[in-house]
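K.L.:
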Amino acid sequence: EEDILANIDPYDNNGDGVTGKANWVWNILEEEIQLGRFGWKAGQATLLQQTAAAFIGDLGITSQLFPEQGCTESQLDCNEAIDSGTYEIEFDDLQKTANYCATIAVPVRRNFNEQEVLKGKEIFKELGCNSCHIETFTTGNHSDFPALSGQEIHPYTDLLLHDMGNNLADGRPEYLANGNEWRTPPLWGIGLFETVNNHTFYLNDGRARNLEEAILWHGGEAQNKKQAFKALDKDNRDCLIQFLKSL
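Dropping the structure here:
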């Protein structure tokens with residue numbers, strides 16, 4: 002937590018145009034405010050709670066953490082659906098699902114020693130993309146899986162909220178996140194995004210059809226970085242994209 006909070010720069014003291022803020026959210030099980038790390042707006046404090054939120058939000062499956070469907074007034078069928086009075090996934094199965102997600106290995110990088118990729122990595126740094134997409138952290142202590150403790154990881158994220166401009170705004174606040182702010186998405190594994198998902202629709206709403214478009218939708222705090230990317234010649238832009246695809 003200390004490493005994440007160390008990157009907050011609310012007054013842009015280093016003059017790079019990037020601020021970043023933490024989202025402080027409610028931990029349902031522990032009944033306290035904690036640092037948000039998961040979800041598009043860092044609206045969940047733990048992987049278990051993020052998993053439970055996905056079960057209810059994406060699949061309509063209730064759990065101990067989210068026991069109600071949360072139907073809106075206009076969702077008549079949802080409101081009239083029979084309620085069995087029991088959770089649709091038991092806590093033990095919910096925990097197993099979260100444990101599975103916690104222990105999925107990061108994809109092995111490819112082509113990382115190629116000159117084009119190495120040049121792209123330098124361009125990534127020169128443009129200042131690593132202001133938000135921070136390369137390296139060391140994990141803390143994981144009581145359930147000690148093997149996950151003290152690991153040097155390269156997620157390329159700061160897990161903080163950033164104003165990405167009006168064009169990417171959804172107008173939907175979530176705890177301290179306003180309608181323009183999003184958590185920096187980790188970039189590790191992005192090179193296998195198409196292999197895993199069978200599509201290349203990036204960003205929070207899938208509007209970007211490839212990595213170049215994803216960069217060009219950046220605004221707000223990332224506006225200067227986007228303009229610097231646009232000013233690159235084709236060869237350098239290609240090198241940057243090849244670096245991203247190697248992650």
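Take any residue in the sequence shown, count from 1 to its spot, add 1: that is its number in the working numbering.
Note that the Cβ used here is the ideal one computed from N, Cα and C, for glycine as well.
(1) Apart from the five residues just before and just after H219, which ones in its own chain have a Cβ nearer than 7 Å to its Cβ?
(2) With the cut-off set at 8 Å, would you say P108 and L193 are in Cβ contact?
(3) Cutting at 8 Å between CB atoms, please list the residues of its own chain near G40, excluding the five before and the five after it.
(4) Using only alpha-carbon positions, find the residue among F202, L160 and C72 that is nearest to N80.
(5) How many Å lie between T63 and G86 at the Cα?
(6) Per DSSP, which one or two residues make a beta bridge with W41?
(7) Would you say F230 and R238 are within 8 Å of each other, going by their C-beta atoms?
(8) For F138, which beta-bridge partners are listed by DSSP?
(9) Does DSSP put E115 in a helix, a strand or coil?
(10) Check for me: the alpha helix (DSSP H) holding N28 runs from which residue to which?
(11) In this structure, does DSSP put L233 in helix, strand or coil?
(12) Check the C-beta distance from L169 over to K22 and give it rounded, since I have them as a contact under 8 Å.
(13) Alpha carbon to alpha carbon, what distance is there between E3 and K246?
(14) Can you give the Cα-Cα distance for Q152 and L6, rounded to whole angstroms?
(15) Use the C-beta contact count for H200: other C-beta atoms within 10 angstroms, 16 or more gives buried, fewer gives exposed.
(16) Determine the DSSP secondary structure at D145, reduced to helix, strand or coil.
(17) Do N24 and A43 have their CB atoms nearer than 8 Å?
(18) Return the residue from the list N14, A178 and D171 that minimises the CA-CA distance to D208.
P.N.:
Working from what's here:
(1) M165, K226 and K227
(2) yes
(3) Q51, A54, E175 and R184
(4) C72
(5) 10 Å
(6) BP columns for W41 are empty, so no partner.
(7) yes
(8) I154
(9) coil
(10) Run containing N28: none in the alpha helix (DSSP H); it sits in the beta strand (DSSP E), W25 to N28.
(11) coil
(12) The pair is not a contact, with the Cβ atoms about 17 Å apart (cut-off 8 Å).
(13) 30 Å
(14) 19 Å
(15) exposed
(16) coil
(17) yes
(18) In the sequence on display, residue 208 carries Arg and not Asp. The residue with the shortest Cα to Cα distance from R208 is D171.
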